[in-house]
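S.K.: Please find one structure pasted underneath; my questions will follow.
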Amino acid sequence: PAPLTTFVSSPAHHPCSYSYHRRRRGAVSASSSSSSAKAEDVVIVGAGIAGLATALSLRRLGVSAIVLEQGPSLRAGGTSLTLFKNGWRVLDSIGVADELRAKYLRVQGMRMRSSAGGRDLREFSFEEEAPGQEVRAVERGALLATMASKLPPGAISFSSKLKSVAGQGPDGTLLELQDGRQLLSKVVLGCDGVNSPIARWMGFSEPRYVGHMAFRGLADYAGGQPFESKVNYIYGRGVRAGFVPVSPTKVYWFICFNSETPGIGIGMTGRKTTDGAALKREALELVRGWPDDLVAVMRSTPDDAVVKTPLVDRWLWPGLAPPASRGGVVLVGDAWHPMTPNLGQGACCALEDAVVLARHLAPAVLAGDDVGEALRRYESERWGRVFPLTARAGLVGALVQWGNPVVCAARDGVVIPRLVRLGPFLEHTNFECGLLDPAAPSA
């Protein structure tokens, strides 16, 4: 988008640059005899939610970073994501929350129904059952643009795709980009998403497909959408759906369904497609005979606002998962701990990571200290938070996606109407990230 072109960083020659020669496998050393690589203190790979939030968090603590984005601009696609109060606390801390609050509706409660005739199972009010909760659905592109607008010109380098992590040495980590540029950075933050090349370089396994696919869409009502500000969930056998008003004119919806294989974009013909109209037809077929309001929302969605993706996660089992950092390289957000969306915590946890990492990392960078210990403290603090949430999200998804009629009857007749308590269920959203205070030492 045009307003974001000012953030493009020039790959011009840096006054402090070096050439490298191999000393041993995976190690590099530097000499000042020529100029083949650009030296940086902090490089963030990926201008998604984790990357931009981390850049803003570090900036608040006096540390500048260069953000590498492989695309020619910020990601404009995607639909919406739901942020709970722990996510909004982070957005408050980095100074973008109020601008977003002005655009997006505060969700007041939750309605849960059965796909069979739309029978009501349960209805919640956040004010009554989870006082202080703040829930809003936010357009992903707008969240990214708002965060990017708070960074200085040149902070984001577009068309900068990582080719490889070429090696590490006492001077830092050498990154090679697809266009031939090289960067030597004291700190590299892998915010490069679910399919992170940096995570692979660090020895992490590929994210695990959990057996469920998801359609997502963003309906557009130019004359104003007609719905109450509630999250609507509808449960079937092996299929569930939902929708939530995002703004006065937009409504986000989703469908999750069981699938043995993660065939992305497989249309009605079985051929791979990114044709939005075909994807929407396939999604509508899954919910044929379901409540009319859900179907109406889906039919009000532009074809180019429908996506289909597999749901994946990675459980960070103690003693089995590699460390989140290696030397001055560390993972953040989905690159480290992808989780299914069943608790609405993927984006929230990425935002939390950003603040916690900045609080540990900034003092070490500013003091010129070795950052390894700071990165290990970040990992220690965050692992105890993200591993249980990832596991819980996966288990919740497995429960609600059951296709067994006996299990579904128990879910609809007992679990949802009688056992679910909203306050305890949302206890994980009480996480306090705190303010980013430049004078406060790292814990």
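To convert a position in the sequence shown, counted from 1, into the numbering used here, add 104.
Don't be surprised by glycine CBs; every beta carbon is placed ideally from N, CA and C.
If you're wondering where the values come from, they're calculated on a predicted model, not measured in any experiment.
Which of helix, strand or coil does DSSP assign to K384?
M.R.: Reduced to three states, the DSSP call for K384 is helix.
S.K.: Enumerate in chain order the residues of its own chain whose CB-to-CB distance from G476 is below 8 Å, with the five nearest sequence positions on each side excluded.
M.R.: Excluding positions up to five away in sequence, the list reads S429, G431, G432.
S.K.: Taking L185 as the reference, which of Q237, G236, L247 has the closest Cα?
M.R.: Ranking the options by Cα distance to L185, first place goes to L247.
S.K.: Can you tell which of Q282, G423, Y337 has the C-alpha that lies nearest to the C-alpha of G222?
M.R.: Measuring from the Cα of G222, the nearest candidate turns out to be Y337.
S.K.: Would D296 pass as a contact of G450 if the rule is Cβ separation under 8 Å?
M.R.: No. Outside cutoff.
S.K.: Would Q286 pass as a contact of S168 if the rule is Cβ separation under 8 Å?
M.R.: Contact flag unset, no.
S.K.: Would you kindly check if the distance between the Cβ of A323 and the Cβ of V348 is under 8 Å?
M.R.: Against a cut-off of 8 Å, the Cβ pair of A323 and V348 comes out as no contact.
S.K.: In the region 246-305, which residue ranges form an unbroken beta strand (DSSP E) of at least 3 residues, counting only runs that do not cross its ends?
M.R.: Counting whole runs of 3 or more residues, the region 246-305 contains the beta strand (DSSP E) stretches 266-273, 276-281, 286-294.
S.K.: Hey, out of R163, D145, A157, L156, whose CA is closest to P542's CA?
M.R.: Taking only the C-alpha atoms, the option nearest P542 is R163.
S.K.: Within 10 angstroms of the Cβ of E531, are there 16 or more other Cβ atoms? Answer buried if so, exposed if not.
M.R.: Under this definition E531 is an exposed residue.
S.K.: Which of the three DSSP states is assigned to A206 in this structure?
M.R.: If DSSP states are grouped into helix, strand and coil, A206 belongs with coil.
S.K.: For E483, does the count of other Cβ atoms within 10 angstroms reach 16, so buried, or fall short, so exposed?
M.R.: Flag for E483 reads buried.
S.K.: Using the Cβ count rule (16 or more neighbours within 10 Å means buried), how would you classify D516?
M.R.: So D516 counts as buried.
S.K.: Check for me: the beta strand (DSSP E) holding T365 runs from which residue to which?
M.R.: Counting along the chain, T365 falls outside any beta strand (DSSP E), and DSSP gives it neither H nor E.
S.K.: What residue range is occupied by the uninterrupted alpha helix (DSSP H) comprising S484?
M.R.: Looking at the DSSP string, the run of the alpha helix (DSSP H) that includes S484 is 476-504.
S.K.: Identify the continuous beta strand (DSSP E) that holds E144 and give its terminal residues.
M.R.: Its beta strand (DSSP E) spans residues 141-149.
S.K.: Does the distance from the CB of E144 to the CB of F262 come in under 8 Å?
M.R.: No, they are not a contact pair.
S.K.: With DSSP collapsed to three states, give me the class of P414.
M.R.: P414 falls in the strand class under three-state DSSP.
S.K.: Can the beta-carbon of S229 be found closer than 8 Å to that of G213?
M.R.: Cβ distance < 8 Å, so S229 and G213 count as in contact.
S.K.: Apart from the five residues on each side of it in sequence, which residues of its chain come closer than 7 Å, Cβ to Cβ, to R496?
M.R.: If we look at R496 and ignore the five residues flanking it on each side, its Cβ neighbours are L447.
S.K.: Looking only at C-alpha atoms, which of A345, N299, P235 sits nearest to D438?
M.R.: Taking only the C-alpha atoms, the option nearest D438 is N299.
S.K.: Just checking my contact of M306 with L479 at CB under 8 Å: how many whole Å lie between their CB atoms?
M.R.: That pair is no contact at about 12 Å.
S.K.: Excluding the 5 residues flanking G130 on each side, which residues of the same chain have their C-beta closer than 8 Å to its C-beta?
M.R.: Low local confidence applies: a pLDDT of 45 at G130 is under 50, so the model's placement there is unreliable, and no value is given.
S.K.: Specify the secondary structure class of E438 as computed by DSSP and reduced to three states.
M.R.: First, the amino acid is wrong: residue 438 is Asp here, not Glu. Helix, per DSSP.
S.K.: If we count the other Cβ atoms within 10 Å of its Cβ and call it buried at 16 or more, is L503 buried or exposed?
M.R.: The residue in question, L503, is exposed, as its Cβ has fewer than 16 Cβ neighbours within 10 Å.
S.K.: Could you check if L178 is buried or exposed, using at least 16 other CB atoms within 10 Å of its CB as the buried criterion?
M.R.: That one is buried.
S.K.: Identify whether E332 lies in helix, strand or coil by the three-state DSSP scheme.
M.R.: In this structure, E332 counts as coil in the three-state DSSP scheme.
S.K.: My understanding is that V416 touches R312, with C-beta atoms under 8 Å, so please give their C-beta distance in whole angstroms.
M.R.: Contact flag correct, Cβ pair sits at about 6 Å.
S.K.: How long is the line joining the alpha carbons of A134 and S289, rounded to whole angstroms?
M.R.: Low local confidence applies: a pLDDT of 43 at A134 is under 50, so the model's placement there is unreliable, and no value is given.
S.K.: At 4 residues or longer, and completely inside the region 516-544: list those alpha helix (DSSP H) runs for me, N to C.
M.R.: You should have 526-529.
S.K.: If you drop the 5 nearest sequence neighbours on each side, which residues of the same chain put their C-beta closer than 8 Å to that of R210?
M.R.: Excluding positions up to five away in sequence, the list reads E238, V239, R240, S333.
S.K.: Helix, strand or coil: how does DSSP classify A241 here?
M.R.: Three-state DSSP puts A241 in a strand.
S.K.: In whole angstroms, what is the alpha-carbon distance linking L388 and Q329?
M.R.: In a straight line, the C-alpha of L388 is about 20 Å away from that of Q329.
S.K.: What residues in its chain sit with their C-beta under 7 Å from that of V469, if we drop five residues either side in the sequence?
M.R.: Excluding positions up to five away in sequence, the list reads D145, V146, V167, V291, V475.
S.K.: Tell whether a beta-carbon distance below 8 Å holds between S268 and E280.
M.R.: In this structure, E280 lies closer than 8 Å to S268 by Cβ.
S.K.: Quickly, what does DSSP pair I359 with across the bridge? List them, please.
M.R.: Partner(s): F319, A345.
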